[in-house]
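Below is one structure; the comments refer to it alone.
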Amino acid sequence: IGPVLAARGLLLVGLDVIGDYLTEVNVTSPTCFREIQDQSGFDVAGRFIEALESRLP
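Numbers given in the working numbering equal positions in the sequence shown, counted from 1, plus 36.
Written out as structure tokens, the structure is:
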């Protein structure tokens, strides 16, 4: 699904998954940056900002 969303210019999208099923693609209010960082230590917000900055001229 990533390449399809990127081709449409969507850089930040929330995906809701239950079991093996994609239940929602949320383009207006993706969340969980804090929860992901708290539980895994992965800095989602920082990586997203770095990705945006790398696209600037």
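Ideal Cβ positions, reconstructed from N, Cα and C, are used throughout, including at glycine.
Span of the beta strand (DSSP E), counted from its first residue to its last, around residue i
i: residue 61; result: 57 to 62
Identity of the residues DSSP links to residue i by a beta bridge
i: residue 54; result: 57
Endpoints, the alpha helix (DSSP H) within which residue i is located
i: residue 41; result: 38 to 43
Anticipated Cβ contact below 8 Å, residue i with residue j, distance rounded
i: residue 72; j: residue 78; result: 6 Å
i: residue 51; j: residue 61; result: 6 Å
i: residue 81; j: residue 69; result: 5 Å
Residue i, DSSP secondary structure in three states
i: residue 78; result: coil
i: residue 32; result: This structure cannot speak to residue 32, because the chain is shown only from 37 to 93.
Neighbour flag for residue i against chain B, beta carbons, 8 Å
i: residue 44; result: Any reference to chain B falls outside this structure, which holds one protein chain only.
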